[in-house]
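Numbering (the working numbering), first residue to last: 446 to 1321.
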């Protein structure tokens, strides 16, 4: 190239680099100085934000509340139109939600006039008692704050429509922030109440009354007064008393005391007497419900009452005569108790069937507890121990669910009842074994069939022995990977391992059973541990001959694997699957998989049970005279106490007394053990068709034992009672020796403990109770209801553990008071707000992240452009 051409090319390159440098530096300068928010001129119209109280305290006392709210919103829309503002509407009760906007007031008017699909404001929030039982004003303000503090708005107005009460967080800090930020806060009061609201706070019945004698209950009521104190539309109380001898119905029409005055929130509290008719011996349930005036007496509904819910219904048990009471605890998925068990009432033992999560509430009212295949970990351990220590009795029956929740010694959680039982079904020994559930991956197993497989595994895995390692694999035309494996040593550890089952899915495709079994046998040739394969299939596979099936089974045997075959569906291939069986074996019919859990339990956990058609239960040799008498009563029908039971393999516990043993093996079946003042018994089988069919329809030979367990007599002289009134928790009948103050832990059905500390007795005053009885203030502890309890619906049953310096003092049931919405003692937010301050200082935005890159690029290009002239000068 000639010299002039080279010079021309160098000049072009220099100019290009220089232009790129100038462009990059200009762009970096622009990006490094972004426009700061808040310095822009306002671009949006003003905002009228309406915060609407749709909680029960606002809606329930006002029969025309939706109509009043509609009128109020139209007035607010007119004001917004006059000011040229937009409208934002947020409703709140137990939660807050944005109902409309920001938008034009004309659009909201269209909604209110029914031209749009939006519901009338408030109807969604206040549709149910649970959603309306709260006044979360602070949450509503949090929803509105971003719009109210938007610097592009010309003016912001917040209108609070409600009575000013709130529950949960205090809204005052949020209101102060808005006021200091220049938001104008206006208050719109509710219309006066138009409806008298009658609420039931508590029902008191006598501990016991004589048979044939009249009795009475005391009802703690409150009234929400209407405007002017009018009681023209006074509701009434309908009640029913049902039990042995039928049901009785009645109506109570309480009158407003003439000398009464309203307390906080316009509510009046007092008690009335409800006279009850004579009843026969037994346990009777008293149910009370608020109904409209003029409702005739009769059967009470189980749904929402006519005038609301939450505090509009109540129930209690009335014990008539000196009868014994037995709580029978069964799982929610268990079948209902057979009518034959009700015959216990003819022996003087009243039966109360309950679920495990309801037991805590009935322990103060019963003499003994029978748990039907319910694991110790599912029971309120602290309360049960206190119940047995004071003279109560407990009989636990053992089935698959019990075995699945059993915790061996040293591994049980605090309060677990496993250690006090007279039988130990741990069975931790045995050789290690791999259990493979091999599931057909064809389309016939997808959907509901596999959901049943999943459910069965959720029951099977915790109940397996620690030496059994369980895994799930699919197969179609070949063997699939391991979808799930369990290696935990305790039921709790195994439950934590179940999460992969939630994501497992049937792969679909063709089916080749023999090839999959061959792959499984080959994969385990170098494994020393024995194993069990559970093949779950409909048998629709490529051609399987008897010789090919025998060869596949022989390969499994060489790999130390046993095989059990479960045929799925009514149309399973009965020609293919039997070829996989050893001589003398039979297919396990799984049908529609509805009983799969039990089939898998028997196949896998056979080492945990004894199954022998010739097995019977016979008398043991109890040392205690009481149980020798029990055995004598049990043997009136003959020496055979129970025929052909399937029973868990168990060992005698320390201090146990043998009642029943198996014959011919002489192994433990039924044992009792003294604990405190009461007795604990354990039966190594359970009333179920697959376990002890003789006990399904009636208790049979267990009746004398249940009577003995209930007859010890529970000492309730030291029982304390925990309740609530007027926003305070009240602990009654506190022993004088207990420390002051007391700490209490509330354990709800789900979640962690909620702590409460009582106030010192020095702050208590002598209290005169109904009927003039003076209560010793030293035996009464009070304190504010913890805020955390407001998250639980009224009547939620939870355990209250009362603690001292040395540990647990007592465990008592407690019914949650529900949100403060129902209590009439909700605090009110102050209307005194600070004056507006300077506009909030908004943080300066950081430079654009690309600005440094463009700056570096510009400097590099400029440097390169400057090097070219210097190089030419140097070359000359």
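Note that the Cβ used here is the ideal one computed from N, Cα and C, for glycine as well. Remember, predicted model here, so these are calculated numbers, not experimental data.
Distance between residue 876 and residue 1006 (C-alpha atoms, nearest Å): The residue labelled residue 1006 in the question sits at position 561 within the chain shown. The residue labelled residue 876 in the question sits at position 431 within the chain shown. Approximately 14 Å, taken between the alpha carbons.
The alpha helix (DSSP H) enclosing residue 976, as first and last residue numbers: By 1-based counting over the chain shown, the position of residue 976 is 531. First-last for residue 976: 975 to 982, but that is the beta strand (DSSP E), not the alpha helix (DSSP H).
Whole-angstrom C-beta distance between residue 847 and residue 820, which should lie under 8 Å: Locating residue 820 in the chain shown gives position 375, counting from the first residue. Locating residue 847 in the chain shown gives position 402, counting from the first residue. Their Cβ separation, rounded to whole angstroms, is 5 Å, which keeps residue 820 and residue 847 in contact under 8 Å.
Under the three-state DSSP convention, the category residue 1250 falls into: Sequence index remark: in the chain shown, residue 1250 carries index 805 (1-based). Residue 1250: coil per DSSP, three-state reduction.
Extent of the continuous alpha helix (DSSP H) run through residue 1322: The displayed coordinates of the chain run from 446 to 1321. Any statement about residue 1322 would go beyond what the structure contains.
Which listed residue (913, 1120, 968 and 1025) has its alpha carbon closest to that of residue 865: Here the question's residue 865 lines up with position 420 in the chain shown. Shortest Cα-Cα distance from residue 865 to any of 913, 1120, 968 and 1025 involves 1120.
Reduced DSSP category for residue 1125 - H, G, I as helix; E, B as strand; rest coil: In the chain shown, counting from the first residue as 1, residue 1125 sits at position 680. Residue 1125: strand per DSSP, three-state reduction.
Close Cβ partners of residue 934 (< 6 Å) along its chain, the five nearest in sequence each way excluded: Counting from 1 along the chain shown, the entry for residue 934 is found at position 489. Result list for residue 934: 911, in chain order.
Which listed residue (1239, 650, 466 and 493) has its alpha carbon closest to that of residue 589: Indexing the chain shown from 1 puts residue 589 at position 144. If you compare the alpha carbons of 1239, 650, 466 and 493 with that of residue 589, the shortest gap goes to 493.
Nearest-angstrom Cα separation, counted from residue 591 out to residue 619: Position 174 of the chain shown, counted from the first residue, corresponds to residue 619. Position 146 of the chain shown, counted from the first residue, corresponds to residue 591. Distance between the alpha carbons of residue 619 and residue 591: 12 Å.
For residue 1293 and residue 1300, the rounded distance between their alpha carbons: Along the chain shown, read from residue 1 onward, the residue named residue 1300 stands at position 855. Along the chain shown, read from residue 1 onward, the residue named residue 1293 stands at position 848. Roughly 12 Å between the two C-alpha positions.
Stretch-stretch touch, CB-based, cutoff 8 Å, three pairs: the region 637 to 652 with the region 609 to 628: No, they do not touch.
Euclidean distance between Cα positions of residue 1088 and residue 1137: Counted from its first residue, the chain shown places residue 1088 at position 643. Counted from its first residue, the chain shown places residue 1137 at position 692. Distance from the CA atom of residue 1088 to the CA atom of residue 1137, rounded to whole angstroms, is 8 Å.
Residue nearest to residue 410 in terms of C-alpha spacing, selected from 896, 1275, 809 and 607: The displayed coordinates of the chain run from 446 to 1321. Any statement about residue 410 would go beyond what the structure contains.
Inter-stretch contact (C-beta, 8 Å, three-pair minimum) for the region 1296 to 1311 and the region 460 to 472: Yes, the region 1296 to 1311 touches the region 460 to 472.
Same chain, Cβ closer than 6 Å to residue 763, five either side skipped, listed in chain order: Position 318 of the chain shown, counted from the start, is the residue given in the question as residue 763. Around residue 763: 650, 729 and 731.
Residue 1181 classed as buried or exposed, judged by whether at least 16 other C-beta atoms fall within 10 angstroms: Taking the chain shown and counting its residues from 1, the one referred to as residue 1181 is at position 736. Exposed, by the Cβ-count rule.
Residue from 997, 789 and 488 whose Cα sits closest to the Cα of residue 1149: On the chain shown, residue 1149 is found 704 positions in, with the first residue counted as 1. Minimum Cα distance to residue 1149 is reached at 789.
Alpha carbon of residue 891 to alpha carbon of residue 898, nearest angstrom: Sequence index remark: in the chain shown, residue 891 carries index 446 (1-based). Sequence index remark: in the chain shown, residue 898 carries index 453 (1-based). Their backbone Cα atoms lie some 10 Å apart in a straight line.
Span separating the alpha-carbon of residue 1074 from that of residue 685: Here the question's residue 1074 lines up with position 629 in the chain shown. Here the question's residue 685 lines up with position 240 in the chain shown. Cα-Cα distance, rounded: 41 Å.
Host beta strand (DSSP E) of residue 1182 (start-end): What you label residue 1182 is simply residue 737 of the chain shown in a count that begins at 1. Careful: residue 1182 lies outside any beta strand (DSSP E) and carries neither H nor E.
Helix, strand or coil at residue 1112 [DSSP, three-state]: On the chain shown, residue 1112 is found 667 positions in, with the first residue counted as 1. In the three-state DSSP reduction, residue 1112 falls in the coil class, being neither helix nor strand.
Collapsed DSSP secondary structure at residue 1229 in the structure displayed: Within the chain shown, residue 1229 is the residue found at index 784, counting from 1. Under the three-state reduction of DSSP, residue 1229 is assigned to strand.
Pair within 9 Å by beta-carbon distance, residue 1152 and residue 905: As a working mapping, residue 1152 is identified with position 707 in the chain shown. As a working mapping, residue 905 is identified with position 460 in the chain shown. Annotated as distal: residue 1152 and residue 905, with beta-carbon spacing of 9 Å or more.
Candidates 1113, 655 and 594, of which the one nearest residue 1102 by Cα: For the purposes of this step, residue 1102 is identified with residue 657 of the chain shown, where counting begins at 1. Selected option, being the one with the closest Cα: 1113.
Cutoff 6 Å; reference residue 1189; Cβ partners in own chain excluding five residues on either side: Counted from its first residue, the chain shown places residue 1189 at position 744. By the criterion of a C-beta distance shorter than 6 Å, residue 1189 is surrounded in its chain by 1201, 1245 and 1247, once the five residues flanking it on both sides are discounted.
Residue 467 in three-state terms, based on DSSP: As a position in the chain shown, residue 467 is number 22, starting the count at 1. It is helical.
Delimiting residues of the beta strand (DSSP E) encompassing residue 764: Looking up residue 764 in the chain shown gives position 319. 758 to 765 is the span of the beta strand (DSSP E), which, as asked, contains residue 764.
Own chain partners of residue 1110 with C-beta closer than 6 Å, once the 5 adjacent residues on each side are dropped: Residue numbering aside, residue 1110 sits at position 665 when the chain shown is read from its first letter. None.
Nearest-angstrom Cα separation, counted from residue 949 out to residue 614: Within the chain shown, residue 614 is the residue found at index 169, counting from 1. Within the chain shown, residue 949 is the residue found at index 504, counting from 1. Cα to Cα, the separation comes out at about 42 Å.
Delimiting residues of the beta strand (DSSP E) encompassing residue 1189: Position 744 of the chain shown, counted from the first residue, corresponds to residue 1189. 1188 to 1192 is the extent of the beta strand (DSSP E) around residue 1189.
Classification of residue 894 by the beta-carbon crowding that lies within 10 angstroms, buried from 16 upward: By one-based count along the chain shown, residue 894 stands at place 449. Flag for residue 894 reads buried.
Collapsed DSSP secondary structure at residue 1117 in the structure displayed: Residue mapping note: residue 1117 aligns to position 672 of the chain shown, counting from 1. In the structure shown, residue 1117 sits in a strand (DSSP, three-state: E or B).
DSSP beta-bridge partners of residue 1327: Absent from the model: residue 1327. The displayed extent of the chain is 446 to 1321, so no value can be given.
Member of 1008, 499 and 471 whose CA lies at the smallest distance from the CA of residue 514: Taking the first residue of the chain shown as 1, we reach residue 514 at position 69. Of the candidates 1008, 499 and 471, the one whose C-alpha sits nearest the C-alpha of residue 514 is 499.
Residue 1166 burial status per 10 Å Cβ neighbour count (16 or more: buried): Start at 1 with the first residue of the chain shown, and residue 1166 comes out as number 721. Counting Cβ neighbours within 10 Å, residue 1166 comes out exposed, since fewer than 16 surround it.
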